[in-house]
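Protein chains in written order, with my numbering: chain A, 175 to 357; chain B, 9 to 340; chain C, 4 to 511.
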Amino acid sequence: MPGEVPLSETAQPRRSLSYRELVLAAFLVVSGGVVVALSMEITPGVQTDPLGPRFFPIALGAGIALCGLLLAAVEILFRGEPSMAGPLSDASPEGEEDAGPFSPARFVGAIAATALYVAAFDALGYLLATPPYIAAILLIHGGTRTRALLITPFVVTIALYVTFRFGLLIPVPDGPLEGILPW
Amino acid sequence: MKRRPVVQTICALAVTLAAGAALTGPAAAQKPRGDFPARPITFVVGFGAGGGADVFARAISEAAKTALPQPLAVENRPGAGGTSANAYVAGRPADGHTILFAHAGSSVITPIITNQPSLKWNNFAPVARIHAEEEWLMVHPDSPWKTVKELVAYAKKNPKKVRVSGSAIGGIDSFVVLSWEKAAGIDVEYIPHEGGGPAILAFLGKNAEVVVGNVSEFFQHVEAKKMVPLAVASEKRSPIFPNVPTLKESGANVVMVQWRSILAPKGTPSDRVTALAQAFRKAMNAESWKTFNRNAKAVDAYLGPAEFRKFLASEEQRFTKIIDELGLRKKK
Amino acid sequence: MGFFEHLLAGFASALSGYGILIMAAGVAWGIIGGAIPGISGAVAMALALPFTFALDAPTALVMLAGVWAGANYGGSIPAILMRMPGTPASAPCLLDGYVLAQQGRAAKALGVSLFCGTIGGLISIVVLIALVLPLGEIVVRFGSPEVFALALFGLTLIAGLSGPSFLKGIASGFFGLLLTTVGLDTLTGSMRFTFGSAELLTGIDTISVMIGLFAVSEMFFLIAHPTRKAGEVVVGRAGTAFPNFRELREVGRATFVGTIVGLVVGIMPGAGATASSFVAYNEARRWSKRPELFGKGSLEGVAAPETANNAVQGGDLVPTLALGIPGSNSAAIMLAALLLHGIMPGPFLLTKHPELVFTLFAGLIIVNLLMIPVGIVILRLCLLALKLDPPVLIASVLALIVIGTYAGDLFVLNPVQALIFGVVGYGMRIWGFSAAATVLGIVLGVLAESELRRSLIISHGEWSIFLTRPVCAVLLFLTLGVLLYPAFMTALRHWRARRVAAAPAAKS
């Protein structure tokens, strides 16, 4: 986490330049620039208001790029911002202490499994696509007994299917099973 | 004080069964044609529940119980200006058990603007046009203009002074105003809103001098003496306000209505299309539909499959011209 | 008949026959629907519409009112338990609610959400009943400039949501604002960032993106960072107690703030439950005796937004009943139910169908009261979910997210957005950005941009309109004050510190 150096104190040693922060700053500048460039392509449409459809995206893109520049400046000059922002945060350091080390395999696995599930959702239908997905997540997370691994996917799938299809009357995709199912 | 879950569940089931019985009961009286329809017909609507399209779909479905042995089940699939539903229905089996709600926006205008010819009306089988709501121009009761001619005269001398409130650009309201500007040779400030309701609110708050939109949303305010009709964008004067001239009479040939209709997937057998169209024709005679139309101040405007197809082709021609004049679609 | 006689007749009508059971069923349906991620109050009401055909008009209305009230509460259940907003309006309550669950106080958080929400709902209904006509006159005074000023005021919360890096927080907020520009621009008909596809025409799906940023990212985080202590429950613990009187008094101030915000924002056209819950959160923090607790498990942080989103119900019904113009999607469905029962909504509803309106008034009070017993039952059932094994819970939640986000619009792109923003949310979290600021930007961005531009059309391009309209000007000055206040206080502190440091040196 970026260290907080009070502006008025000079006695404490500065931590070294964080390249991660500089990369992030560069990312912001580039993204902002891309947004501005794309915004120039927006068709003006029918002119009704003086600002037009391009104003906001351009301003916001420029704003993001500006944040990036300021971030880089703050990093280089002060090694991080003095803490004057609010106490609320998603990235609160305390929350991360209980968590274990990052496991790229699990992370990518979870994303890939979910992506495949969503892609197959319509084609295979809910009843066929969901149990393998749940099983995959259980496997990736680990720590599940074999018996639970076999039963849970089906229990959860059926519970959700019944709730949505019959409880809420939502036409859940049946995929290739359409017409075969008795309901 | 706590409700017992079991009692609640039983009561919820009872309500469900009662509702189910009420929905399917009267339909058994009809004679089926062959084996169509063999199961409930899915009526896909490309707009969210509670909106004009949805209410129309539910009302006509209710009325259709007098004409079809199977019920219509409304399925909302909002998105992409209504064309998400178009895409879905295009992929359904063309056996007459799936039908699609369509109005000018979802079946003609949006597919043209977004360059999606596969979602346009001609990739479907037109079943029937059902009804239409007129588009009106309304002003405040204390407005300085008593006729639309006075308004046009003022607007000509004071370009961009008159503010007209309506719904989003790309919708019928906006097309009425933009065409009227062109036809009358005037320049007004059009204030687009997310829908008819917000447009009316802006008008009532004196943030606009004129409001344009469907009469169903306006009528109650006319009754409340908050709005005065100035002109209607129709071929002939409306029976609702017979003293109010049409835009055509005032010299601007603008005729646009908000029509609502039903399409089916391409390739649906023509005898089933005809059966559906006839069923809807019959449904339009139902008491519940008449009450709905009366409240909505809409006019029945039935067109069967063949005439409806011709009408759609003419609508496409008309709107394509307007869209290109307004520069609403990207030239590829 | 006098006013009170009408109201009593309304109660009699609402409670007649199976009235209580139908309303309770509606509330239960609403709580469950609201709890399901991706199904908002309006969607839950829409799903209940087919059932209302068999009922007469007044009963249909009170049932839908029950669904509406229930959904306002229901959304907070997954927000607190699994960091998953069930409805967009429940997003702010997860900021503290989920932390409370992790601290083992999930039941307290859920209890506060239920009780305080009910209070907010009841007060807003009483205000509605008493003042519907005069408020109806005021509604039209709130135009685009006022709503823009409100949105701007709400956006000042970004400062509070930033976390350690203010700049990254601002950038996150800008990102959220930018996301709202995707799609068809209603003001010009121009298509922005759609890359030629029709799918993006309506823009991003707010609830799916929220769920992605908050819940999917949390699930991915839990999967990707296996805890060192095996068997330790990393998801929230229920705790056993409901909030006691002392705690309820603690949240009294926040509840009051939430009610006021909910009422005011509810009446404003365009701003709804979601905007009100964020503004309420912001205001509760500003006026709290313990602002430093917000984000770390403050019960006030749950009370205020949940009260506000319930209190919007009364405000939404003001234009709906007084003018026939729905104040929100949920109100629109009530009007649709009326139309489908052959009744024309409009400014004359009160005079032409008084028994209907007063039955609705009575029904609204009854359903808000029914929230407590029905809510407690469902709450206890949901708390059982925490007893599941973490992997089972995580897998079930992910599966629920996919079908839930699909269910609202039957649109496969919704779960896709949830997934994409799940990854984005994860990235934002580990790199110090604020997903909450992005969500705030998404919620208020639509209002901010469209109302700003609309205001300029109304004023013929004059920017002075924002200062010449009193309500708008006041809100804008408040916004400026709020922004400058912390800087002012910091400067004051530095100046005072320097004076104190200089004084002893001067003395010696």
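Note that beta-carbon positions come from the ideal geometry of N, C-alpha and C, so glycine has one too.
Cβ-based burial, residue i [other Cβ within 10 Å; buried from 16]
i      : result
A:P267 : Bear in mind that a pLDDT of 42 at A:P267, under 50, signals an unreliable position, so the number given afterwards is only what the model happens to contain. Exposed, since its Cβ has fewer than 16 Cβ neighbours within 10 Å.
B:D181 : buried
B:P250 : exposed
C:L338 : buried
B:Q228 : buried
A:V204 : exposed
A:G260 : Its pLDDT being 40, under 50, A:G260 is placed unreliably by the model, and the measurement read from it follows with that caveat. By the 10 Å Cβ count, A:G260 comes out buried.
A:Y193 : exposed
Beta carbon of residue i nearer than 8 angstroms to that of residue j
i      : j      : result
C:V129 : C:M374 : no
C:A340 : C:A110 : no
C:D319 : C:A307 : no
C:R472 : C:P148 : yes
A:A239 : A:G219 : no
B:V196 : B:V236 : no
B:V240 : B:E142 : yes
C:E454 : C:V260 : no
C:Q420 : C:V185 : no
C:F145 : C:I263 : no
C:G327 : C:G349 : yes
C:A104 : C:A92  : no
C:I214 : C:T354 : no
C:I439 : C:L98  : According to the sequence shown, residue 439 of chain C is Ala rather than Ile. Result yes, Cβ atoms of C:A439 and C:L98 sit closer than 8 angstroms.
A:I314 : A:R280 : yes
C:G176 : C:T441 : yes
B:P134 : B:L320 : yes
C:V268 : C:A72  : no
B:L284 : B:G104 : yes
C:L352 : C:L382 : no
C:A152 : C:C475 : yes
B:F226 : B:W144 : yes
B:I199 : B:A192 : no
B:G221 : B:A207 : yes
C:G120 : C:E309 : yes
C:S399 : C:G172 : no
Whole-Å CB distance - residue i paired with residue j, under 8 angstroms assumed
i      : j      : result
C:L102 : C:G300 : The sequence given here has Val at residue 102 of chain C, not Leu. Right, their Cβ atoms sit about 4 angstroms apart.
C:L266 : C:G330 : That pair is no contact at about 12 angstroms.
A:L196 : A:A246 : 6 angstroms
A:V330 : C:L422 : Incorrect: roughly 19 angstroms between the Cβ atoms, too far for contact.
B:A102 : B:P273 : 4 angstroms
B:F109 : B:V52  : 7 angstroms
A:G349 : A:L302 : 6 angstroms
B:A294 : B:A140 : Contact doesn't hold; Cβ gap of about 18 angstroms is too wide.
C:L486 : C:T159 : 6 angstroms
Contact set between residue i and chain C, taken where Cβ atoms lie within less than 7 angstroms
i      : result
B:T328 : In chain order: nothing, as chain C lies at least about 15 angstroms away.
A:D296 : V415
B:I199 : R457, I460 and I461
Under 8 angstroms by beta carbon: chain C residues contacting residue i
i      : result
A:T320 : What A:T320 touches in chain C: nothing, since even the nearest Cβ is about 13 angstroms away.
A:L202 : A174
Contact set between residue i and chain A, taken where Cβ atoms lie within less than 7 angstroms
i     : result
C:P40 : The premise fails here: C:P40 is roughly 12 angstroms from chain A at the closest Cβ pair, so nothing lies under 7 angstroms.
B:P5  : Any question about residue 5 of chain B goes unanswered here, given that chain B covers just 9 to 340.
B:E83 : P345
Residues that residue i contacts on chain B, provided the C-beta gap is smaller than 9 angstroms
i      : result
C:F196 : Near C:F196 there are no residues of chain B at all, since even the closest Cβ is about 13 angstroms away, more than 9 angstroms.
Interface residues of chain A facing residue i [CB-CB closer than 9 angstroms]
i      : result
B:I177 : G219, V220 and T222
C:F178 : S205, L234 and I238
B:L336 : T217, G219 and V220
Min CB distance residue i to chain F below 8 angstroms
i      : result
C:A505 : Here chain F cannot be found, since the structure's protein chains are A, B and C.
Contacts that residue i makes with chain C (C-beta to C-beta distance below 9 angstroms)
i      : result
B:R171 : I460, I461 and H463
Short of 8 angstroms Cβ to Cβ, which residues in the stretch 101–113 of chain B face chain A?
Of all residues in the stretch 101–113 of chain B, none has a C-beta nearer than 8 angstroms to a C-beta of chain A.
Given a limit of 9 angstroms on CB to CB distance, which residues of the stretch 127–161 of chain B reach chain C?
Those residues of the stretch 127–161 of chain B placed with their C-beta closer than 9 angstroms to a C-beta in chain C are L127, ordered along the chain.
If contact means a Cβ-Cβ distance below 8 angstroms, which residues of the stretch 343–357 of chain C contact chain B?
Those residues of the stretch 343–357 of chain C that come within reach of chain B (Cβ to Cβ, closer than 8 angstroms) are L343, G345, I346, M347, P348, G349, P350 and F351.
What are the residues in the stretch 444–456 of chain C lying within 8 angstroms of chain A by C-beta distance?
Cβ contacts with chain A come from E452, L455 and R456.
Residues within the stretch 140–159 of chain C neighbouring chain B, beta-carbon criterion of under 8 angstroms
Listed by position along the chain: V142, V143, R144, F145, G146 and S147.
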